[in-house]
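With full-length UniProt numbering applied, the sequence shown covers 1 to 105.
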Amino acid sequence: MMTNEKKHERPKYSLEFKQDAAQLVLEKGYSLNQAADHLGISLSALGRWVRAERKPSGNESATKKPGLNLGDHDELIRLRKEIEQLRMEREILKKAAVFFAKEAE
């Protein structure tokens, strides 16, 4: 049975806000709980941002793949969207070329 209730949407935060929030924990000595409470954000979101911004230490396993920091992650998402849009445009142009080639015959 379907309901008309909206799915709970996550709030959108700017890259700068995410980085600043992570810096409260990484550089300013706030605990995750303190920073999350102070900023009014979820503990899980702040935890993700802190992990993303934390510099990998030299003793981490060499087999562990390096993560993206928040800036890289946002750029990756933007580039993936741009690639998808370009693919769609290319498909439209291909179809148009076939159409006009048939019209010219």
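Backbone N, C-alpha and C fix where the C-beta goes; we use that ideal spot for every residue, glycine too.
Taking the alpha helix (DSSP H) that residue i belongs to, which residues open and close that run?
i     : result
Ile83 : Leu70 to Ala104
His38 : Leu32 to Leu39
Glu53 : Leu43 to Glu53
Lys18 : Leu15 to Leu26
For residue i and residue j, what's the separation of their Cα atoms in angstroms?
i      : j     : result
Glu27  : Glu84 : 37 angstroms
Phe100 : Arg90 : 15 angstroms
Glu103 : Glu82 : 31 angstroms
Tyr13  : Gly67 : 20 angstroms
Gly44  : Lys55 : One detail in the question is off: residue 44 reads as Ser in this sequence, not Gly. About 19 angstroms.
Gly40  : Met88 : 39 angstroms
Ala35  : His8  : 23 angstroms
Leu46  : Pro11 : 13 angstroms
Ser31  : Arg80 : 34 angstroms
Gly29  : Arg78 : 32 angstroms
Ser42  : Leu86 : 35 angstroms
Trp49  : Gln23 : 9 angstroms
Ala97  : His38 : 57 angstroms
With respect to 7 angstroms, is the separation between the Cβ of residue i and the closest non-hydrogen atom of the ligand GTP below this value?
i     : result
Leu46 : This structure lacks the ligand GTP; in fact it carries no ligand of any kind.
Can you round the beta-carbon distance between residue i and residue j to whole angstroms, since I take them to be within the 8 angstroms contact cut?
i     : j     : result
Ala52 : Asn69 : 6 angstroms
Using beta carbons (cut-off 8 angstroms, strictly below), is residue i in contact with chain B?
i     : result
Arg90 : Annotation note: the requested chain B is absent from the structure, which comprises a single protein chain.
Three or more C-beta pairs below 8 angstroms linking the region 70 to 85 and the region 10 to 29: yes
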